[in-house]
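Q: Have a look at this one before I ask anything.
There are 2 protein chains.
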Amino acid sequence: MFITCLDLEGVLAPEIWIEFAAARNLPELNITTRDEPDYDKLMKFRLDVLKKNNLGLKEIQETIAEMDLLPGAKDFLDELRSFTQVIIISDTFTQFANPLMDKLAWPTIMCNELIVGPDGIITGYRMRIHDSKVSTVKALQAMGYDTIAAGDSYNDVGMIKESKGGFLFRSTEGIKKENPDIPAIETYDELLAGIKSIMNE
Amino acid sequence: MFITCLDLEGVLAPEIWIEFAAARNLPELNITTRDEPDYDKLMKFRLDVLKKNNLGLKEIQETIAEMDLLPGAKDFLDELRSFTQVIIISDTFTQFANPLMDKLAWPTIMCNELIVGPDGIITGYRMRIHDSKVSTVKALQAMGYDTIAAGDSYNDVGMIKESKGGFLFRSTEGIKKENPDIPAIETYDELLAGIKSIMNE
């Protein structure tokens, strides 16, 4: 039995922090996991920028509420969910993800949680589990599933390699070059066909 | 972080085999896990009855396509999914569940799989994992989740006891008496309130 594990940002939705950086004209928030591999360091820097600018959860959620999904993402996910189980595995936070999940018709998402003060300022965050993408895929396998995974970023490579099959979706040239053994694709049609092909092997 | 694990039949939808027994006037298919605790024995008996009556997957799916969800089930699940992650854990089969998942707007379901011959006759079945409800709840906990569980039947008691909190939903007097430590409730409003209360503890 199969379950497909999808990254969120870059696969179904734009990068939340990048959109927020543009909406608030805060170019220092343009750095992502692609630039700073130490997630804890990156998050502390981001929360510091927010605090200095007196911006809280409410302001980020306003940006997310106005964000569109990537074109075709909803139709792709609807089609995928009709023939296999799907879980979105993301390093984002439930409080950011919820407005996007609403737009995607509430697929299951496994991510992390922000700690928010009574004044709406984000004071910290709670990571669900260490090395969450690989750990989650391994737990799904312990449930009796074969996993199939897709994502665009460095932190997706582990869950893809751990799975029966997987894809780099609209990834960078650097990541593709470093992982020539992972099929790199650009469209939802290719992704649907690729997932079906692994399921029918 | 919380994830709610729901039984399907008896909680969101009627018992599939009971509905099929009525639709095809086959009273011998009225026995369920409530009467026969040995699931393997029960399934072999059911498949035997189907074969003798020349009934296959197509005929059961026709019944399921005409089945209604339990009244209020869709609204309940929509509301639940808006504030917590939800997974349906069921001993049914993907081929039975799919038409019901369509009516429920495609929540994630973890169940089992039928083996179907080219003539549409069900020749066997593949259980995803041993003791699937408890095993699945434990794997979700290994992912970093606190689980909350609800179900109506003997095979739900284990996952409820294994969880941070849980409920017997519209269960039998016998099961309720044998499990006085598990809150027994009858309505979706009580279930929503109960889940919220555990999350806010």
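Chains as they are written, first to last, in our numbering: chain A, -4 to 196; chain B, -4 to 196. Just so you know, even glycine gets a beta-carbon here, dropped at the ideal spot from N, CA and C.
Report all residues from its chain with a CB closer than 8 Å to the CB of residue 10(B); omit the five preceding and five following residues, and keep chain order.
A: The residue you call residue 10(B) lines up with position 15 of the second sequence. So the qualifying residues of the chain are 4 and 27.
Q: Is the Cβ of residue 166(A) closer than 8 Å to any Cβ of chain B?
A: As a working mapping, residue 166(A) is identified with position 171 in the first sequence. It does not; no Cβ of chain B falls within 8 Å.
Q: If contacts are defined as beta-carbon pairs under 8 Å, then residue 130(A) and residue 86(A) qualify, I think. What distance do you get, rounded to the angstrom?
A: On the first sequence, residue 130(A) is found 135 positions in, with the first residue counted as 1. On the first sequence, residue 86(A) is found 91 positions in, with the first residue counted as 1. About 12 Å separates the two Cβ atoms, so there is no contact after all.
Q: Return no unless some Cβ of chain B is closer than 8 Å to the Cβ of residue 28(A).
A: In the first sequence, counting from the first residue as 1, residue 28(A) sits at position 33. Output row for residue 28(A): interface = no.
Q: Round the Cβ separation of residue 167(A) and residue 81(A) to the nearest angstrom and send it over; I've been treating them as touching at under 8 Å.
A: Translated into positions along the first sequence, residue 167(A) becomes position 172. Translated into positions along the first sequence, residue 81(A) becomes position 86. At roughly 24 Å, the Cβ-Cβ gap does not stay under 8 Å, so residue 167(A) and residue 81(A) are not in contact.
Q: Step through the CB atoms of chain A and report whether any lies within less than 8 Å of the CB of residue 130(B).
A: Counting from one through the second sequence, the residue named residue 130(B) turns up at place 135. It does; some Cβ of chain A falls within 8 Å.
Q: Using a Cβ-Cβ distance under 8 Å, would residue 41(A) count as near chain B?
A: As a working mapping, residue 41(A) is identified with position 46 in the first sequence. Judged by the 8 Å Cβ criterion, residue 41(A) is not in contact with chain B.
Q: Residue range of the beta strand (DSSP E) that residue 76(B) falls in?
A: Translated into the one-based positions of the second sequence, residue 76(B) becomes position 81. Here residue 76(B) belongs to no beta strand (DSSP E); instead the alpha helix (DSSP H) covers 68 to 76.
Q: Comparing the C-beta of residue 146(A) with each C-beta of chain B, is any distance below 8 Å?
A: Reading the first sequence from its first residue, position 151 is the one you call residue 146(A). False, the Cβ-Cβ gap to chain B never drops below 8 Å.
Q: Rounded to whole angstroms, what's the CA-CA distance from residue 160(B) to residue 174(A)? Just pull it up for me.
A: Position 165 of the second sequence holds residue 160(B). Position 179 of the first sequence holds residue 174(A). Rounded to whole angstroms, residue 160(B) to residue 174(A) spans 44 Å at the Cα level.
Q: At what residues does the beta strand (DSSP E) containing residue 8(A) begin and finish?
A: In the first sequence, counting from the first residue as 1, residue 8(A) sits at position 13. Taken as a continuous stretch (DSSP letters only), residue 8(A) belongs to no beta strand (DSSP E), as it is neither H nor E.
Q: In its own chain, which residues sit with a C-beta less than 7 Å from the C-beta of residue 44(A), not counting the 5 before and 5 after it?
A: Numbered from its first residue, the first sequence carries residue 44(A) at position 49. Answer for residue 44(A): 21, 23 and 24, listed in chain order.
Q: Taking the alpha-carbon of residue 78(B) as reference, which of 64(A), 102(A) and 136(A) has the nearest alpha-carbon?
A: Reading the second sequence from its first residue, position 83 is the one you call residue 78(B). The option with the nearest alpha carbon to residue 78(B) is 102(A).
Q: Given 8 Å as the limit, is there contact between the stretch 36 to 56 of chain B and the stretch 103 to 122 of chain B, that is, 3 or more CB pairs closer than that?
A: At 8 Å Cβ cutoff, the stretches touch.
Q: What do you reckon, are the CB atoms on residue 84(B) and residue 154(B) nearer than 8 Å?
A: For the purposes of this step, residue 84(B) is taken as the residue at position 89 of the second sequence. For the purposes of this step, residue 154(B) is taken as the residue at position 159 of the second sequence. Yes, the pair counts as a contact, with Cβ atoms nearer than the cut-off.
Q: To the nearest angstrom, how far is the alpha carbon of residue 14(A) from that of residue 61(A)?
A: The residue you call residue 14(A) lines up with position 19 of the first sequence. The residue you call residue 61(A) lines up with position 66 of the first sequence. Rounded to the nearest angstrom, the two C-alpha atoms are 10 Å apart.
Q: Let me see if you follow: with CB-CB separation under 8 Å, is residue -4(A) close to chain B or not?
A: Position 1 of the first sequence holds residue -4(A). With 8 Å as the cut-off, residue -4(A) counts as an interface residue toward chain B.
Q: Using a Cβ-Cβ cut-off of 8 Å, state whether residue 194(B) counts as contacting chain A.
A: For the purposes of this step, residue 194(B) is taken as residue 199 along the second sequence, with counting starting at 1. No, no contact with chain A.
Q: Take residue 150(A) as the anchor and find which of 12(A), 170(A) and 134(A) has the nearest alpha-carbon.
A: In the first sequence, the residue the question calls residue 150(A) occupies position 155. Here the closest residue by C-alpha is 170(A).
Q: Within 8 Å (strictly less), CB to CB, does residue 124(B) reach chain A?
A: Numbered from 1 along the second sequence, position 129 holds the residue referred to as residue 124(B). Answer yes: the Cβ-Cβ gap between residue 124(B) and chain A drops below 8 Å somewhere.
Q: Tell me which residues share the same chain as residue 132(A) and place their Cβ nearer than 7 Å to its Cβ, disregarding the 5 neighbours each side in the sequence.
A: Counted from its first residue, the first sequence places residue 132(A) at position 137. Excluding sequence neighbours, residue 132(A) sits near 0, 142, 144, 154, 157 and 158.
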